[in-house]
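Here the structure is laid out as structure tokens; the discussion comes afterwards.
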Amino acid sequence: MASIVEPAGSPGAPRGSLWRRPTARPVAVVLGVLAALAVWSVSELVVGIDVRQPAFGPGVPQDLTAGPIVIASLVAGLVAWLALALLERITRHARAAWVALATLVLAASLGAPLFGRGIDGASRLVLTLLHLTVGTVLIVLLARTSPPAPSAMPRRDR
């Protein structure tokens with residue numbers, strides 16, 4: 028029988044947590060999309076903010092609808108998943124490297140809502156919340172699907 032301190036993947040251990048199963052990464056991506064839709068829905072339908080996308084270059088700001096939110100958050104989740112999978116193939120410290128990389132990408136992504144032109148403060152706030160929500164969900168949940176570095180694992184004396 029497995030002890031409480033025995034890792035989920037050990038022989039005789041009970042079935043692993045949700046975040047160690049093969050379905051964990053797709054679930055994390057879907058939860059990122061649903062979180063983005065929740066933020067957008069609350070801001071549009073409950074608070075009444077008409078969220079607009081900022082303009083870059085000669086374009087004009089446009090209304091932000093659910094379609095682009097689903098597409099953007101889905102693409103972000105799939106790219107995050109791919110980056111984590113690639114890091115797991117090239118380094119033993121994939122989880123730590125991925126969290127650092129994902130955090131930097133999230134910080135860089137905030138440039139669009141913060142510095143785009145032609146939108147009001149409420150739209151900037153909602154867009155920033157969208158970026159932070161999807162980024163946080165993906166960073167936390169996808170990191171949990173990656174095994175820790177071997178040096179971070181507790182030693183078991185036999």
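What the sequence shown shows, in my numbering, is residues 28 to 185, in sequence order.
C-beta: ideal position from N, C-alpha, C; glycine also.
Rounded C-alpha distance that separates residue i from residue j
| i | j | result |
| --- | --- | --- |
| Arg52 | Leu159 | 19 Å |
| Gly148 | Val102 | 26 Å |
| Thr118 | Val161 | 25 Å |
| Val54 | Arg48 | 10 Å |
| Leu58 | Gly86 | 32 Å |
| Pro81 | Arg144 | 5 Å |
| His120 | Glu71 | 41 Å |
| Leu113 | Leu61 | 25 Å |
| Arg128 | Gly75 | Reading off the sequence, residue 128 comes out as Leu, not Arg. Their Cα atoms are separated by approximately 35 Å. |
| Pro177 | Ala170 | 15 Å |
| Leu109 | Ala63 | 20 Å |
| Val167 | Gly84 | 34 Å |
| Ala139 | Arg122 | 27 Å |
| Ala124 | Glu115 | 9 Å |
For residue i, the three-state DSSP class (helix, strand or coil)
| i | result |
| --- | --- |
| Arg116 | helix |
| Arg144 | strand |
| Arg48 | coil |
| Ser68 | helix |
| Val74 | coil |
| Gly84 | coil |
| Pro177 | helix |
| Ser137 | According to the sequence shown, residue 137 is Leu rather than Ser. DSSP places Leu137 in coil when its eight states are reduced to three. |
| Val97 | helix |
Beta-bridge partners of residue i, as assigned by DSSP
| i | result |
| --- | --- |
| Arg79 | Asp90 |
Neighbourhood of residue i by C-beta, 8 Å cutoff - its chain only, sequence neighbours within 5 removed
| i | result |
| --- | --- |
| Trp67 | Val78, Leu91, Ala93, Ile96, Val153, Leu157 |
| Leu141 | Arg151, Thr155 |
| Val126 | Ile166, Ala170 |
Neighbourhood of residue i by C-beta, 7 Å cutoff - its chain only, sequence neighbours within 5 removed
| i | result |
| --- | --- |
| Pro88 | Arg79, Gln80, Pro81, Ala82, Gly145, Ile146 |
| Leu137 | Thr155, His158 |
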